[in-house]
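I have placed the structure first, in the form of structure tokens, so that the comments after it can refer back to it.
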Amino acid sequence: MRCALNIAYNGTYYLGSQSQTQTPNTILGNLQKVCIQLGIYSKIIASGRTDKGVHATGQICHMDLPSFWNDLVKLKKVLNEMLPTSIRINTIIAVEDNFHARYGAKQRIYRYILKEGLSNAFENDFVTFVKELSFDELEKNIKLFRGEHNFKQFMKTGSDVKSTTRVIYKAFGYRHKGSIVLHFKANGFLRSQIRLMVGALLQLNTEQIKEQLACKNSYKIKPAPSNGLYLAKIKY
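Listed below in structure tokens is the structure:
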């Protein structure tokens, strides 16, 4: 039986989500290790990878279960008991055999959380603090990313992709309980694209962002820190 897992995790102390041969200290590395202990040897496939320090509230994975694991309520309970407390299984549901967490994804939603002022020990792992910023400028400039664009200037070097064109359906910012939340919804994102877009919003002016987006000029952008980024939802 193929099942889909909805997973939340605090990525602070993990080296990204994807399993790696060099280290077991990844989100899927920990999940795979626990599954093997439970007699589940299927490779776990995620909707996409998140970088070191990036969090998720709704990452989706799929895996195939042996016949003796037919109680998904019990499986969820056991997994959450065995996994580190920084990784939680929200739901497990049975899906069609041809369901694919990565290739079947139609839309991906991310949020980036900013706060103005000095960092503090209790929020620093989950919020990017900026000494001062203009919400009005952010609110105006984030809308520039909407629509279909060639995002090759907003991609980490060394990426191997067939196309750098993506469609962003929604891009907006709003205030929430003292924070500024940036919301991005697209058909897909390039490697570090969101962190580079947020970096552009914090470092470039309106005309510079337009030039970078139109590939008319190339400004050096420092990616926004990973700790403020959350994979929120995957739509199929």
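For the sequence shown, position 216 matches number 215 in numbering that gives the first Met the number 0, and the numbering has no gaps at all.
We treat Cβ as the ideally placed atom computed from N, Cα and C, and that holds for glycine.
Just so you know, these numbers come straight off a predicted model, no measurement behind them.
Self-check item: C-alpha gap between Tyr8 and Thr49, whole angstroms
Solution: 11 Å
Quiz prompt | His175 burial status per 10 Å Cβ neighbour count (16 or more: buried) | solution = exposed
Quiz item: Which residue from Met81, Ser41, Val166 puts its Cα closest to that of Lys151?
Solution: Val166
Exercise. Flag this pair as touching only if the segment 36-46 and the segment 57-68 have three or more C-beta atom pairs under 8 Å; answer yes or no.
Key: Touching, yes.
Quiz item: Under a Cβ-count criterion, where at least 16 other Cβ atoms within 10 Å of its own Cβ denotes burial, should Ser217 be classed as buried or exposed?
Solution: By the neighbour-count rule (16 or more Cβ atoms within 10 Å), Ser217 is not buried but exposed.
Quiz item: Apart from the five residues on each side of it in sequence, which residues of its chain come closer than 8 Å, Cβ to Cβ, to Lys130?
Solution: Glu115, Gly116, Leu117
Quiz item: So what does DSSP say about Met81, is it helix, strand or coil?
Solution: helix
Exercise. Give the single residue among Leu181, Ala185, Pro65 whose Cα lies nearest to the Cα of Gly146.
Key: Ala185
Quiz prompt | Integer-rounded CB distance, given that Leu137 should sit under 8 Å from Leu212 | solution = The Cβ separation is near 16 Å, so there is no contact.
Quiz item: Going by Cα to Cα distance, which pick from Ala3, Met154, Val53, Ile39 is closest to Phe125?
Solution: Considering only alpha carbons, the answer is Val53.
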